[in-house]
Amino acid sequence: MSLLRDWRGALQTPHVYRVGSSSVRVQTQCLIALVILFVPLVFYAYPRIMNNDCHSKINCRECSDHYVYNSTYPLTAPSKSSAGVTYKVSIISDLDTDSKVQDKGLWVSHVKKGVLMWKPKERRISLHFDEKHITLSSNIAMKDRGMELSELVTFDGKILTFDDRTGLVFYLERDKIYPWIILMDGDGKTAKGFKSEWAAVKDNLLYVGSMGKEWTTPGGDFVNNHPMWMKIISPRGDVRSVDWTDNYKKLRRAINIEFPGYMLHESGTWSEKRKSWFFLPRRCSGERYNETTDEVMSCNYLLTADEDFSRIQTTKIVGRIPIRGFSSFKFLPDTDDTIIIALKSEEYQGRTATYITAFTIEGEILLADMKIADLKFEGFEFV
Numbered sequence: 239m240s241l242l243r244d245w246r247g248a249l250q251t252p253h254v255y256r257v258g259s260s261s262v263r264v265q266t267q268c269l270i271a272l273v274i275l276f277v278p279l280v281f282y283a284y285p286r287i288m289n290n291d292c293h294s295k296i297n298c299r300e301c302s303d304h305y306v307y308n309s310t311y312p313l314t315a316p317s318k319s320s321a322g323v324t325y326k327v328s329i330i331s332d333l334d335t336d337s338k339v340q341d342k343g344l345w346v347s348h349v350k351k352g353v354l355m356w357k358p359k360e361r362r363i364s365l366h367f368d369e370k371h372i373t374l375s376s377n378i379a380m381k382d383r384g385m386e387l388s389e390l391v392t393f394d395g396k397i398l399t400f401d402d403r404t405g406l407v408f409y410l411e412r413d414k415i416y417p418w419i420i421l422m423d424g425d426g427k428t429a430k431g432f433k434s435e436w437a438a439v440k441d442n443l444l445y446v447g448s449m450g451k452e453w454t455t456p457g458g459d460f461v462n463n464h465p466m467w468m469k470i471i472s473p474r475g476d477v478r479s480v481d482w483t484d485n486y487k488k489l490r491r492a493i494n495i496e497f498p499g500y501m502l503h504e505s506g507t508w509s510e511k512r513k514s515w516f517f518l519p520r521r522c523s524g525e526r527y528n529e530t531t532d533e534v535m536s537c538n539y540l541l542t543a544d545e546d547f548s549r550i551q552t553t554k555i556v557g558r559i560p561i562r563g564f565s566s567f568k569f570l571p572d573t574d575d576t577i578i579i580a581l582k583s584e585e586y587q588g589r590t591a592t593y594i595t596a597f598t599i600e601g602e603i604l605l606a607d608m609k610i611a612d613l614k615f616e617g618f619e620f621v
């Protein structure tokens with residue numbers, strides 16, 4: 239018992255440390271409290287310190303694991319009534335060479351705002367766009383081309399759009415446009431801007447795709463595979479280039495197309511609910527690419543692929559018009575990704591036009607092609 243009392247007394251006596259000629263007394267309880275407070279702090283801070291630079295990571299998803307992603311969609315809550323559900327929508331233009339303002343050093347694009355009403359009981363969709371448009375401008379160009387904006391997408395609480403000439407990714411805020419990052423062609427180690435054509439959000443990362451076909455001469459001769467690369471972007475703006483050539487080839491093989499035939503993509507998205515990729519190709523042909531005949535090669539297939547592109551389903555969309563092809567689409571919110579709202583663009587003999595349509599993923603038409611502009615709009619989003 240005496241020995242036990244001695245041990246207990248020793249434990250209860252503060253430790254004495256001598257530094258120089260001074261003594262420092264440290265309470266055992268204080269040491270334990272400091273350890274309890276310090277260890278969780280290390281576990282909390284370590285991954286954030288190590289993940290500060292995503293460029294050093296092989297997979298950008300590792301970086302986003304510790305980022306609070308803003309998943310609000312759409313950014314404006316829909317208005318619900320007994321008549322139906324009303325959503326705010328926007329479309330954005332690609333004016334090609336007409337985007338340049340002569341002698342101003344500026345390039346422009348137009349945004350049209352509107353509303354979409356969905357009446358689920360009647361399975362009816364109606365749309366109305368404002369007569370006036372908002373003009374966005376930038377003085378950034380590549381080889382005298384710029385602001386040829388090809389898509390709208392919501393990512394991390396922002397509306398993004400993509401210039402298919404400069405490779406710039408912009409974000410829209412209060413009817414203004416601001417550059418965010420720049421994407422370079424192919425594997426990213428080139429001097430040419432990436433020809434961004436479509437974008438989708440998957441696992442809180444932004445996937446930006448190009449045409450998905452080989453780059454060829456106007457007569458169809460092979461040049462390179464740069465448009466068959468994918469850009470994967472973290473919310474912080476870190477970019478990874480991934481070769482998607484095999485995926486794009488699998489998509490066109492689903493409707494029996496092989497090179498020199500081609501399939502040209504301008505719209506695609508990922509469905510988290512269905513764990514599938516969805517594509518509405520703009521143009522497709524079993525024949526060799528030709529710059530002139532390409533204008534009448536619109537595609538009327540919805541392609542659905544599982545995550546690794548091992549299984550691809552095709553759905554034919556009726557009412558094909560050869561000069562009118564899909565340029566952007568989104569799923570109607572709160573419909574379990576079963577209803578698609580899509581833009582169709584026309585480019586024929588120097589004339590352009592834009593239409594909007596709606597249909598189910600089984601191919602049932604809910605809204606026949608409705609003309610909305612004589613200009614070419616290639617991006618649609620619920621805002």
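Heads up, the sequence shown is in our numbering, so the first residue is 239 and it goes up one at a time.
In this text, a Cβ means the ideal position worked out from N, Cα and C, and glycines have one as well.
Computed from a prediction, not measured in an experiment: that's the story for all the values here.
Sequence-distant residues of the same chain with beta carbon closer than 7 angstroms to residue i, five excluded per side
| i | result |
| --- | --- |
| Lys609 | Ala591 and Tyr593 |
| Ser260 | Bear in mind that the predicted position of Ser260 carries a pLDDT of just 41, short of 50, making it too unreliable to give a figure here. |
Those residues which DSSP pairs with residue i across a bridge
| i | result |
| --- | --- |
| Trp625 | Residue 625 cannot be examined here, being either before or after the span of the chain that is shown, 239 to 621. |
| Gln633 | This structure leaves residue 633 out entirely; the chain is present only between 239 and 621. |
| Asp546 | BP columns for Asp546 are empty, so no partner. |
| Glu619 | Ser328 |
| Cys537 | Answer is none; Cys537 lacks a bridge partner. |
| Ile495 | None, per the DSSP bridge assignment. |
| Thr592 | Ser583 and Ala611 |
| Val556 | According to DSSP, Val556 bridges with nothing at all. |
| Val461 | DSSP output for Val461 lists no bridge partner at all. |
| His371 | None; His371 has no bridge partner. |
| Met380 | Arg383 |
DSSP-derived helix/strand/coil call for residue i
| i | result |
| --- | --- |
| Pro473 | coil |
| Arg562 | strand |
| Thr531 | helix |
| Met466 | helix |
| Asp423 | coil |
| Asp481 | strand |
| Gly365 | Looking at the sequence shown, residue 365 is not Gly but Leu. Correct three-state label for Leu365: strand. |
| Tyr305 | coil |
| Ser505 | coil |
Candidates the options: closest to residue i by CA position
| i | options | result |
| --- | --- | --- |
| Ile397 | Asp546, Thr310 and Thr507 | Thr310 |
| Val621 | Ile419, Leu410, Glu504 and Arg362 | Leu410 |
| Arg361 | Ile578, Phe432 and Leu406 | Ile578 |
| Ser505 | Leu390, Asp612, Trp467 and Asp574 | Leu390 |
| Lys338 | Lys350, Ala379, Ser328 and Gly617 | Ala379 |
| Gly524 | Lys370, Arg490, Val556 and Ser566 | Arg490 |
| Gln340 | Thr324, Arg478, Ser375 and Val323 | Ser375 |
C-alpha gap between residue i and residue j, whole angstroms
| i | j | result |
| --- | --- | --- |
| Gly343 | Asp382 | 9 angstroms |
| Pro465 | Tyr307 | 29 angstroms |
| Thr454 | Ile330 | 27 angstroms |
| Ala596 | Leu540 | 13 angstroms |
| Glu585 | Lys511 | 34 angstroms |
| Leu518 | His304 | 34 angstroms |
| Glu529 | Pro456 | 5 angstroms |
| Glu616 | Ala321 | 30 angstroms |
| Gly447 | Ser514 | 16 angstroms |
| Lys326 | Ile559 | 28 angstroms |
| Ile296 | Ile471 | Here the model assigns Ile296 a pLDDT of 41, short of 50, so the residue's position is not dependable, and the following value carries that caveat. Between Ile296 and Ile471, the C-alpha separation is close to 12 angstroms. |
| Met288 | Trp467 | Low confidence applies to Met288: its pLDDT is 42, below 50, so where it sits in the model is not reliable, and the reading given next is rough at best. The straight-line gap from Cα to Cα measures roughly 28 angstroms. |
| Lys568 | Asp394 | 17 angstroms |
| Lys648 | Leu570 | Since the first residue of the chain shown is 239 and the last is 621, residue 648 is not available in this structure. |
| Lys614 | Ala606 | 18 angstroms |
| Ser328 | Leu365 | 11 angstroms |
| Ser536 | Glu435 | 16 angstroms |
Cβ-based neighbour list, residue i, same chain, cut-off 6 angstroms, excluding 5 preceding and 5 following
| i | result |
| --- | --- |
| Pro498 | Gly458 and Arg526 |
| Leu406 | Pro417 and Ile420 |
| Ile372 | Val349 and Asp413 |
Contacts around residue i, its chain only, beta-carbon distance under 8 angstroms, and the 5 residues preceding and following it disregarded
| i | result |
| --- | --- |
| Ile599 | Phe516, Leu540, Thr542, Thr553, Asp575, Thr576, Ile577 and Ile578 |
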